Structures are given as structure tokens and as C-alpha cells.
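Heads up, the thing below is written out as C-alpha cells.
There are 4 protein chains.
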Amino acid sequence: MAAGEQRRTEIVAAAQQAIARQGFEGLRVRDVAALVGINIATLHYHFPTKEALVTGVVQGIVGALDGVLPSGPERDPATVLAEHLTHILTRFEADRDEFVVLNELYARAGRDPELHVTLLANDVAWADWLRAVFEAGRAREQFRADLDPDAAAALVIGFLKSLLVQLDMTPQRSRAAADEILRAVKA
Amino acid sequence: MAAGEQRRTEIVAAAQQAIARQGFEGLRVRDVAALVGINIATLHYHFPTKEALVTGVVQGIVGALDGVLPSGPERDPATVLAEHLTHILTRFEADRDEFVVLNELYARAGRDPELHVTLLANDVAWADWLRAVFEAGRAREQFRADLDPDAAAALVIGFLKSLLVQLDMTPQRSRAAADEILRAVKA
Amino acid sequence: MAAGEQRRTEIVAAAQQAIARQGFEGLRVRDVAALVGINIATLHYHFPTKEALVTGVVQGIVGALDGVLPSGPERDPATVLAEHLTHILTRFEADRDEFVVLNELYARAGRDPELHVTLLANDVAWADWLRAVFEAGRAREQFRADLDPDAAAALVIGFLKSLLVQLDMTPQRSRAAADEILRAVKA
Amino acid sequence: MAAGEQRRTEIVAAAQQAIARQGFEGLRVRDVAALVGINIATLHYHFPTKEALVTGVVQGIVGALDGVLPSGPERDPATVLAEHLTHILTRFEADRDEFVVLNELYARAGRDPELHVTLLANDVAWADWLRAVFEAGRAREQFRADLDPDAAAALVIGFLKSLLVQLDMTPQRSRAAADEILRAVKA
DNA sequence: TATGAATGAGAATTCATTCAT
DNA sequence: GATGAATGAATTCTCATTCAT
């Protein structure tokens with residue numbers, strides 16, 4: 001990686017950390033610069049405006065979301081679902097910061113049309129993928145015949161998105177909830 | 001209501017509106033004052049600091065959350081659950097702003113211990129109530145025997161909390177999801 | 001004058017002084033605030049932006065230009081011309097700063113269309129007035145028959161505008177030049 | 001011309017252009033570098049400071065002023081004057097930028113003693129030359145006997161210097177004014 | 001010569017808060 | 001209760017200049 005690119009990556013990482021700690025509300029470019037250990041003017045050399053820095057963070061986060069949805073279409077739906085839930089929960093437990101930033105981004109999307117478009121695309125892709133899993137599972141009679149794939153996708157996504165804002169959530173409860181999902185869809 | 005109390009209520013309402021529009025990130029006391037149509041110094045007369053104003057907003061929102069959970073314990077659990085879901089969805093559709101502010105509050109709770117305590121208390125009460133409903137339903141064999149009441153509560157709460165951040169959500173989809181919940185728990 | 005208006009007048013005067021000393025190039029709002037003896041934020045309370053302050057200065061200067069052209073149409077053209085020259089020269093000697101700022105404004109007009117329009121209107125009015133004086137003088141046979149009123153106006157205005165940028169100009173030379181004008185137009 | 005000298009010339013030309021467009025007020029070394037198509041550090045290699053660059057521009061402009069005053073003393077004064085006026089007007093119409101920069105320099109001279117000295121020398125030489133022309137013309141009885149050579153020189157220089165700041169000036173008017181000068185001095 | 005990266009010293013502007021009236 | 005004016009402490013951003021390569 002070129003030196004400049006490397007530096008920009010560092011800065012974005014620091015900005016993510018700052019947002020996770022203080023929210024967008026408390027994001028200060030000087031804090032980000034201090035976190036990286038560079039002069040504030042140097043930060044502005046790489047990201048001309050605070051807005052550009054935030055865009056960098058958004059791209060970083062959204063980029064990290066890619067690849068979350070496995071594409072192997074022929075696998076067992078129940079297993080795919082179980083693995084997906086486990087994957088997200090594990091990730092949540094491992095890197096809570098990422099979810100905090102994502103949560104801030106969703107809050108911001110309500111006032112930032114561009115961000116809304118970006119995140120909406122992600123949401124749609126996620127819902128599409130989950131729906132396909134539920135349809136496949138229903139077709140194989142693994143899942144309930146009266147399962148509404150679209151509604152089920154909304155429920156699963158909703159639960160996973162809410163992890164951060166269920167203040168009484170624990171790893172145990174989230175695992176139990178994931179198990180409950182698996183039972184609830186089973187034929 | 002005394003004149004002063006009346007004015008304070010106006011200011012809090014304006015602050016909620018401002019937060020719903022711009023987030024905490026964009027909350028400016030001068031904007032709130034302008035929204036009410038008073039001088040900024042007058043606002044500070046009623047709320048000495050911005051912090052006090054935010055506290056006022058939190059109290060307003062949390063106060064509005066009370067009474068959401070009906071206490072009649074002897075009623076039919078399936079009906080209670082259905083009504084609860086409908087109640088929240090209706091409320092969401094009617095006053096989205098309230099949910100936007102609440103969402104901002106949850107984001108803030110991660111960095112504000114005092115707010116965390118306040119909201120956690122609400123979450124716990126909500127989860128307790130829902131768990132009781134599920135337990136009652138299971139006892140009456142309305143709900144699945146293998147239903148985990150605590151996990152189911154987490155799922156329901158998660159879905160309802162996520163309404164705002166499911167960018168592709170529509171009234172139709174949310175109603176369908178509520179129906180799916182009712183089917184999923186049924187014995 | 002209201003307190004606020006008074007303060008704004010003070011600030012504009014200080015800004016004029018600052019521009020006369022340092023040019024637009026060296027104009028710093030903090031210096032203007034210091035000159036008035038107020039906090040820089042107070043200056044911004046009265047003039048939200050530097051641009052607004054400059055506009056205030058322009059209005060002040062242009063306002064001061066009004067009334068320079070006497071309107072008595074029936075007076076003796078040669079006398080009117082002589083008095084006009086004397087008036088401007090006296091004013092130049094008395095308040096050089098005003099001319100320095102005006103000169104800066106003309107330099108700026110080349111890049112600022114709005115300012116160009118404002119100053120052009122002044123120039124046109126001045127030229128119109130002088131032309132009328134020359135025409136009247138020619139009609140009375142005070143001035144040369146082959147005098148081109150428009151060209152003569154351009155020459156007089158040019159000389160008066162150039163006072164500041166003729167670095168070797170002295171009160172004596174400028175008075176002598178004024179006398180030369182009077183001789184040159186005489187029949 | 002050595003490669004380095006060539007590059008310095010390019011840079012000075014770009015700086016002149018930048019000053020003509022934006023004034024000293026808006027002169028940015030990075031803009032000049034961009035105009036030349038080089039890195040800002042490369043510009044600083046050739047001109048260590050912004051001040052040095054401005055000095056380069058001043059030298060370029062002042063250098064271009066040399067040779068404006070023809071030295072043939074024995075020629076016909078009326079013709080010399082006419083040609084001088086035409087020469088300057090033609091030059092003004094052909095390269096307005098040069099006059100814009102010169103105008104900026106004169107504005108600056110009021111605050112920059114060194115620049116004042118440089119430009120004053122030019123002014124004095126110009127006035128001396130014109131005075132000599134007027135004296136010669138008077139001696140030959142081409143010009144009016146009561147013509148004050150020094151005052152006439154001040155008027156002519158003043159008019160020529162004011163071309164840029166007479167916002168309603170046109171090539172036609174300036175030519176007519178030159179003709180008026182010739183008539184006004186004639187015996 | 002040339003450049004990408006870095007920086008110190010400002011620059012305008014914002015904002016919550018205060019105070020005299 | 002209400003307000004215009006004032007302010008200290010940031011905050012983002014700019015800019016000439018430097019330095020390692």
C-alpha cells in the first residue's frame with residue numbers, strides 16, 4: 001500500500017474509533033488527528049473536509065459489510081441461517097465498535113439522503129438474501145409452510161440490528177434468541 | 001399549568017422536533033429558541049444549560065413510554081401480544097419523530113451512563129412484561145411449548161426497536177412481520 | 001442612534017481605517033475588533049461574515065460620495081468647475097484614507113461584479129454631471145468651442161482619480177494641475 | 001535562457017496572471033504553482049518565499065515599463081505626445097492584465113516603502129520626460145504659452161493611470177480624451 | 001530539480017452562556 | 001420573564017513553508 005493510502009486508512013480507523021466513542025455528535029477532527037498522532041493540517045491534507053473524512057468512514061464501514069452474505073446457493077437453508085446468525089453475533093461480540101458506528105450511520109441516514117441511499121442498498125441486499133434462504137427452506141420443507149419469507153427476513157434483520165440498542169442484551173440472551181429463531185421457523 | 005411550566009413544555013417540544021430533524025449532532029439551542037419564537041437568553045432562563053434542556057427532552061420521552069405496557073394480567077396472552085404489536089406499529093406510523101428521538105437517545109446511552117440507566121430500566125420493564133405474556137401464553141398452551149419466553153421477548157423488542165433503522169420498512173411489511181410473530185409463537 | 005446601530009457604525013469606521021492601512025489584502029476581522037475594542041465574536045454578532053463587513057464599508061464609502069455633485073444648474077460653469085476641483089482636492093488632502101479605501105474598492109471592482117455595478121453607477125453620474133458643466137460652459141462661450149465635453153469629463157475624472165497613484169503628487173502640483181485644467185478649457 | 005531561468009519566467013508570468021485575476025488579496029502560491037503545472041514545493045525551490053515571488057513580479061512589470069519613453073529629443077513635440085498617448089492606449093487595450101497588476105502595485109505602494117521607492121522612480125522619470133516634451137513644444141510655439149509643463153504632465157499621467165478605474169471607459173472615449181489633450185495644449 | 005507529505009501559525013466562524021436593562 | 005449585546009472557548013479550515021526522498 002502506498003504511504004498516502006496507508007495514512008488515509010489509519011485516519012479512517014481513528015475516525016471510526018472516535019465515532020464509536022463519542023458519536024458523530026462528539027466527532028472532532030483534532031481528536032482524530034491526535035489519535036493518529038499527526039498534525040491537524042496533515043489530516044486536512046488527506047481529507048480536505050470533515051465531510052470527506054466521514055465519507056471515508058462510511059466507505060470503510062460499508063465496504064466491511066460486503067462479503068457478509070455467503071453466496072453458496074445450494075447449501076442447506078437451516079444451516080445457512082444458523083451460521084449467518086452465529087456469524088453476526090460473533091462479530092458483534094468481537095467488534096462492538098463497528099456496530100456502534102453503523103448505528104450512528106443509520107441514525108444519520110434519516111437526515112442524509114446520500115447516506116440513506118447507500119445504506120438502503122445494503123438493507124435491500126440483505127433482505128433479499130434472507131428471503132431467498134427462507135424460500136429455499138420452505139421449498140425443502142425444512143421451514144414452516146405458513147412462513148412468510150419476507151416478514152421473517154424483516155424480523156431477523158430487525159433483531160440483529162437491534163442488538164446494540166437492547167441495553168439488557170447479553171451474549172447468552174442473543175444466542176438464545178438466535179436459537180429461538182431457528183425453532184420458530186422450523187417445520 | 002403555570003405560565004412558566006407551559007413555556008418549558010413548549011421549549012421541550014421544540015427541542016424534540018429539532019433533535020428529530022437534525023439529531024443531537026445538529027442540536028443548537030438557538031435553533032430551539034427560534035422554533036419557539038423566543039430569545040436565546042429567554043431559553044436559558046428556563047433551561048440554564050443545554051444539558052438541562054436535553055434532560056428535559058429525555059424526561060419527556062421516557063414519560064411518554066410509561067403506560068405503554070397494559071397491566072391487566074388476566075387477559076388472553078395472544079390478544080395482548082397482538083394488541084401490543086399493533087399499538088407500537090400504529091404509534092410508529094403516527095409519530096415517527098418520537099422514535100427518531102428515542103433512537104438518538106439509545107445511541108447516546110452508549111456514552112452517557114446516566115441515560116443508560118434510565119433507558120435500561122425501561123428496557124428491563126418491557127422485557128419483563130413481554131416475558132410474562134409469553135409465559136402466560138405457554139401456560140395456557142396458546143404458544144409453543146418449546147418457546148423460550150425470554151428469547152422471544154428479545155426478538156419482539158428487537159424487531160420493534162429496529163423499525164426506524166430498517167430503511168426498506170413499510171407499513172405493510174411491518175404488519176406482515178407482526179403477523180409472522182403471532183404465527184411463529186402459536187402452538 | 002440605537003446602540004446597535006452606533007456599534008455597527010463604529011465597526012465600519014474601524015474597518016475603513018484597517019483597509020486604508022493594510023488594504024483588503026491585510027484586512028483581518030480580529031484587527032477590526034481590536035480597533036473597536038470589542039470581542040471578535042461581538043463583531044460577528046453585528047456582521048455575521050467578513051463579507052458583510054466589507055459590504056458595510058462599501059455602503060459607507062458610496063454613501064459618502066453622494067452629495068459631492070452640487071445640483072445648482074444655473075450657476076456659472078467655470079466657477080462650478082473650479083469649485084468642484086477645489087472641493088475634491090481639499091477633501092483628498094483632508095482625508096486621504098477615504099481615497100485609499102476607494103482606490104482599493106476600484107481595484108476590487110474588477111473581480112467583484114456587484115461592486116462593479118455600484119461603482120459604475122457613481123462613475124456614470126459623475127461623468128454626466130461634468131459633461132453637463134462643460135456643455136453649459138461651451139454654450140455660454142466660457143469654454144473653448146472645440147471642447148469635447150465627454151472627453152474633457154474623462155480627463156478631469158481621470159486626473160482626480162489618479163491623485164493617489166501619482167506618487168510624486170503634492171498639494172502644490174495638484175493645485176497647479178487644477179489651474180491648468182481651467183486654463184485649458186477656457187475659450 | 002537556462003532551464004531554471006525559463007521556469008522562473010513561467011512562474012512569474014503565472015503569478016502576474018493570478019494577481020490580475022484575483023488581486024494581491026487573492027494571490028495564493030499554490031494557485032500559481034497549479035497554473036504553471038508544478039508542485040508547490042518546486043515553486044518554493046525557485047522562489048523561496050511568497051515575498052520573493054512578488055518581487056519577481058514587480059521586477060517583471062517595472063522592467064516592462066522601461067523603454068516606454070522614447071529618447072529621441074529632436075523630434076516634433078506634438079507628434080511625440082500624440083504617439084505617446086496612442087502607444088499607451090494601444091497597450092492598455094492589448095494587455096489589460098498588465099495594467100491591472102500595475103494598479104495593484106500602486107495600491108500596495110502605499111503600504112510598502114520599498115515598492116513605493118521603485119514606482120516613484122518610474123513616476124518621476126515619466127513626469128520628467130513629459131515635462132520636457134511640453135517645454136519643447138512651448139519653445140517651438142506648438143503649445144500654448146501659458147501651458148504649465150509640470151501641471152500638464154500631471155494631468156496626462158493622471159488620465160493614463162486612471163484608465164482602469166474609470167469603469168465607464170471605452171476605447172472610443174479614451175481616444176477622444178487623447179484628442180482633447182492634443183487640442184487643449186495646442187497654441 | 002521535483003514531489004508527496006507534513007506542519008505551525010493563523011483565519012473566519014460557531015456556540016453555549018452571561019449580563020445589563 | 002424577556003431581550004439585545006457581549007464574550008471565551010472552541011472548531012473547521014487555510015496557507016506559506018519545510019523536509020525526506
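Residue numbers (the UniProt record's numbering), protein chains in the order written: chain A, 1 to 187; chain B, 1 to 187; chain C, 1 to 187; chain D, 1 to 187. For each residue, glycine too, the CB sits at the ideal point set by N, CA and C. Because the structure is a prediction, the values reported are computed rather than measured.
**OP:** For D/N103, count neighbouring Cβ atoms within 10 angstroms of its own Cβ and tell me buried if that reaches 16, exposed if not.
**Re:** By 1-based counting over the fourth sequence, the position of residue 103 of chain D is 103. Within a 10 Å sphere around the beta-carbon of D/N103 sit 16 or more other beta-carbons, which makes this residue buried.
Subject >> Beta-carbon proximity of C/V12 to C/G60, cut-off 8 Å >> reply: Within the third sequence, the letter at position 12 stands for residue 12 of chain C. Within the third sequence, the letter at position 60 stands for residue 60 of chain C. Yes, the pair counts as a contact, with Cβ atoms nearer than the cut-off.
**OP:** Report the rounded CA-to-CA distance for A/G4 versus A/G63, giving the unit in angstroms.
**Re:** By 1-based counting over the first sequence, the position of residue 4 of chain A is 4. By 1-based counting over the first sequence, the position of residue 63 of chain A is 63. Computed Cα separation, rounded: 19 Å.
Original post:
Which residues, in order along the region 144-165 of chain D, keep a beta-carbon less than 7 Å from a beta-carbon of chain C?
Top reply: Those residues of the region 144-165 of chain D that come within reach of chain C (Cβ to Cβ, closer than 7 Å) are D146, D148, D150, A151, A152, A154, L155, I157, G158, F159, K161, S162, V165.
Original post:
Cβ of B/F92 less than 8 Å from any chain A Cβ?
Top reply: In the second sequence, counting from the first residue as 1, residue 92 of chain B sits at position 92. At a cut-off of 8 Å between beta-carbon atoms, B/F92 makes no contact with chain A.
Original post:
Are the Cβ atoms of A/F47 and A/G56 separated by less than 8 Å?
Top reply: The residue you call residue 47 of chain A lines up with position 47 of the first sequence. The residue you call residue 56 of chain A lines up with position 56 of the first sequence. It is a contact, given that the beta carbons lie within the stated cut-off.
Subject >> Backbone CA spacing between A/E141 and A/A132 [nearest angstrom] >> reply: As a first step, residue 141 of chain A is located in the first sequence; it is residue number 141 there, counting from the start. As a first step, residue 132 of chain A is located in the first sequence; it is residue number 132 there, counting from the start. Rounded to the nearest whole angstrom, the C-alpha separation of A/E141 and A/A132 is 14 Å.
Original post:
When the Cβ atoms of the region 29-43 of chain A are set against those of the region 92-101 of chain A, are three or more pairs found closer than 8 Å?
Top reply: Touching, no, given that fewer than three Cβ pairs across the two stretches are closer than 8 Å.
Original post:
Is it the case that the Cβ atoms of B/L167 and A/A176 are separated by a distance below 8 Å?
Top reply: Within the second sequence, numbered from 1, the residue matching residue 167 of chain B stands at position 167. Within the first sequence, numbered from 1, the residue matching residue 176 of chain A stands at position 176. Contact: no.
Original post:
Thinking just about the alpha-carbon of each residue, which of B/I181, B/P171, B/V165 is nearest to the one in B/A151?
Top reply: On the second sequence, position 151 is the one that residue 151 of chain B refers to. B/A151 has its Cα closest to that of B/I181, out of B/I181, B/P171, B/V165.
Original post:
Can the beta-carbon of C/G23 be found closer than 8 Å to that of D/R111?
Top reply: Here residue 23 of chain C corresponds to residue number 23 of the third sequence, with the count starting at 1. Here residue 111 of chain D corresponds to residue number 111 of the fourth sequence, with the count starting at 1. Here C/G23 is near D/R111, since their CB atoms are less than 8 Å apart.
Subject >> Sequence-distant residues of the same chain with beta carbon closer than 6 Å to C/L81, five excluded per side >> reply: Translated into positions along the third sequence, residue 81 of chain C becomes position 81. Same-chain partners within the cutoff: V133.
**OP:** Taking the CB atoms as reference points, tell me whether C/A14 and C/L27 lie closer together than 8 Å.
**Re:** Mapped onto the third sequence, residue 14 of chain C falls at position 14. Mapped onto the third sequence, residue 27 of chain C falls at position 27. The answer is no: Cβ separation not under 8 Å.
Subject >> Start and end residues, alpha helix (DSSP H) containing B/K161 >> reply: Here residue 161 of chain B refers to the residue found at position 161 of the second sequence. Counting along the chain, the alpha helix (DSSP H) containing B/K161 begins and ends at 149-161.
Subject >> Residue range of the alpha helix (DSSP H) that includes C/P171 >> reply: Numbered from 1 along the third sequence, position 171 holds the residue referred to as residue 171 of chain C. Here the alpha helix (DSSP H) through C/P171 covers 171-185.
Subject >> Spatial neighbours of B/W126 in its chain, beta-carbon cut-off 7 Å, leaving aside the 5 residues before and after >> reply: In the second sequence, the residue the question calls residue 126 of chain B occupies position 126. Scanning its chain for C-beta atoms nearer than 7 Å, with the 5 sequence neighbours on each side dropped, one finds around B/W126 the residues L69, I157, in chain order.
Subject >> Short CB-CB distance (under 8 Å) between C/V12 and chain D >> reply: As a first step, residue 12 of chain C is located in the third sequence; it is residue number 12 there, counting from the start. Cβ-Cβ to chain D under 8 Å: no for C/V12.
Subject >> Cβ of A/V57 within 8 Å of any chain B Cβ >> reply: Counting from one through the first sequence, the residue named residue 57 of chain A turns up at place 57. At a cut-off of 8 Å between beta carbons, A/V57 makes no contact with chain B.
**OP:** Return the first residue and the last residue of the alpha helix (DSSP H) that C/R111 is part of.
**Re:** Counting from one through the third sequence, the residue named residue 111 of chain C turns up at place 111. Taken as a continuous stretch (DSSP letters only), C/R111 belongs to no alpha helix (DSSP H), as it is neither H nor E.
Original post:
In this structure, does DSSP put A/F47 in helix, strand or coil?
Top reply: Walking along the first sequence from the start, residue 47 of chain A turns up at place 47. Coil, per DSSP.
Subject >> Close-in-space but distant-in-sequence residues of the same chain around A/K161 (CB under 6 Å, 5 per side omitted) >> reply: Sequence index remark: in the first sequence, residue 161 of chain A carries index 161 (1-based). Excluding the 5 residues flanking it on each side, A/K161 has no same chain C-beta neighbour closer than 6 Å.
**OP:** Quick one: measure Cβ to Cβ for A/E135 and A/P149, integer angstroms, because I've assumed they're closer than 8 Å.
**Re:** What you label residue 135 of chain A is simply residue 135 of the first sequence in a count that begins at 1. What you label residue 149 of chain A is simply residue 149 of the first sequence in a count that begins at 1. 5 Å between Cβ atoms; contact.
Subject >> Contact set between B/L120 and chain A, taken where Cβ atoms lie within less than 7 Å >> reply: Here residue 120 of chain B corresponds to residue number 120 of the second sequence, with the count starting at 1. Against chain A, a Cβ distance below 7 Å from B/L120 picks out L167, D168.
**OP:** Just the chain D side, please: which residues come within less than 7 Å of C/V32 by C-beta, in chain order?
**Re:** Along the third sequence, one-based indexing puts residue 32 of chain C at 32. For C/V32, there are no neighbours in chain D by C-beta distance under 7 Å, as the nearest C-beta there is about 16 Å away.
Subject >> With 16 other Cβ atoms within 10 Å as the buried cut-off, status of A/Y45 >> reply: Here residue 45 of chain A refers to the residue found at position 45 of the first sequence. Label assigned to A/Y45: exposed.
Subject >> Counted within 10 angstroms of its Cβ, other Cβ atoms place D/D123 as buried (16 or more) or exposed >> reply: For the purposes of this step, residue 123 of chain D is taken as residue 123 along the fourth sequence, with counting starting at 1. D/D123 comes out buried.
**OP:** Verify the CB distance criterion: does A/R183 have a CB-CB separation below 8 Å to chain B?
**Re:** Reading the first sequence from its first residue, position 183 is the one you call residue 183 of chain A. Against chain B, the CB of A/R183 has a partner CB under 8 Å away; the residue lies at that interface.
Original post:
If we cut at 8 Å on Cβ distances, does B/Y45 have a partner in chain A?
Top reply: Against the second sequence, residue 45 of chain B aligns to sequence position 45. It does not: the Cβ of B/Y45 has no partner Cβ on chain A nearer than 8 Å.
**OP:** Could you tell me whether the Cβ of B/V100 comes closer than 8 Å to any Cβ of chain A?
**Re:** Residue 100 of chain B sits at position 100 when you count from the first residue of the second sequence. At least one chain A Cβ lies under 8 Å of B/V100.
**OP:** Give the interface partners of A/R28 over in chain B, defined as CB-CB distance under 7 Å, in chain order.
**Re:** Here residue 28 of chain A corresponds to residue number 28 of the first sequence, with the count starting at 1. The premise fails here: A/R28 is roughly 12 Å from chain B at the closest Cβ pair, so nothing lies under 7 Å.
Subject >> chain C contact residues for D/E114, given Cβ-Cβ distances below 8 Å >> reply: Sequence index remark: in the fourth sequence, residue 114 of chain D carries index 114 (1-based). The premise fails here: D/E114 is roughly 13 Å from chain C at the closest Cβ pair, so nothing lies under 8 Å.
Original post:
At what residues does the alpha helix (DSSP H) containing D/F92 begin and finish?
Top reply: Here residue 92 of chain D refers to the residue found at position 92 of the fourth sequence. Note, D/F92: alpha helix (DSSP H), 77-94.
**OP:** For the alpha helix (DSSP H) containing B/D31, list its first residue and its last residue.
**Re:** Here residue 31 of chain B refers to the residue found at position 31 of the second sequence. Where B/D31 is concerned, the enclosing alpha helix (DSSP H) stretches over 29-36.
**OP:** For my contact list, A/L89 and A/A178 are in at a C-beta cut-off of 8 Å; report their separation, rounded to the angstrom.
**Re:** Numbered from its first residue, the first sequence carries residue 89 of chain A at position 89. Numbered from its first residue, the first sequence carries residue 178 of chain A at position 178. Rounded to the nearest angstrom, the Cβ distance from A/L89 to A/A178 is 6 Å, consistent with a contact under 8 Å.
Subject >> Given D/K186 as reference, the closest of C/T9, C/Y106, C/L147, C/R75 once Cα atoms are compared >> reply: Within the fourth sequence, numbered from 1, the residue matching residue 186 of chain D stands at position 186. Among C/T9, C/Y106, C/L147, C/R75, the Cα nearest to that of D/K186 belongs to C/L147.
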